[in-house]
Structure formats: structure tokens, C-alpha cells
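Below is one structure; the comments refer to it alone.
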Amino acid sequence: RVLVDWRDESVDTEAWLDFAKDGEGPPRLKMAKVDPEADFSSDFEDLAFTRVAACPG
Numbered sequence: 002r003v004l005v006d007w008r009d010e011s012v013d014t015e016a017w018l019d020f021a022k023d024g025e026g027p028p029r030l031k032m033a034k035v036d037p038e039a040d041f042s043s044d045f046e047d048l049a050f051t052r053v054a055a056c057p058g
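And the structure:
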């Protein structure tokens with residue numbers, strides 16, 4: 002779990018990045034508000050990240 006701290010001062014909702022691995026597939030990335038009661042306009046939970054390539058290395 003990684004805490005996202007935005008550089009843009011106008012974004013006042015902190016977020017978590019969560020990495021999850023289910024079975025044999027690649028890890029998934031999800032984002033969620035640190036404060037679940039924060040403004041609904043920052044619905045990070047609605048983002049659907051899609052892996053487009055393998056990680057370098």
C-alpha cells in the first residue's frame with residue numbers, strides 16, 4: 002500500500018494505491034480515498050486501471 006500525496010495544492014484528498022494479486026494473473030492496481038467520507042468528486046474507487054504491458058526489467 003502506497004500513500005499518494007499530490008503535488009497540486011488544489012487536490013486536498015489523499016489516496017491509497019493498493020496492489021493485489023489474485024491467483025495466477027498479474028497484480029492489479031486499485032486506488033481509494035484515505036478518508037472514506039471525503040468529497041465524492043474524488044471517487045478514485047471508480048477508476049479502472051488496465052495493464053497495457055509488462056513492467057520493464
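Numbering (the numbering used here), first residue to last: 2 to 58. Glycine included, every Cβ here is placed at the ideal spot set by N, Cα and C.
Using a threshold of 8 Å, state whether the C-beta atoms of residue i and residue j are closer than that.
| i | j | result |
| --- | --- | --- |
| D19 | K34 | no |
| P28 | A21 | yes |
So the candidates are the options; which of them puts its Cα closest to the Cα of residue i?
| i | options | result |
| --- | --- | --- |
| R2 | R8, S11, E15 and D9 | E15 |
| W17 | C56, V53 and F45 | F45 |
| A39 | L48, V53 and D13 | D13 |
| L4 | F41, D36 and E25 | D36 |
query = Quick one: complete beta strand (DSSP E) runs, 3+ long, within the stretch 7-49?
reply = 16-21 and 29-34
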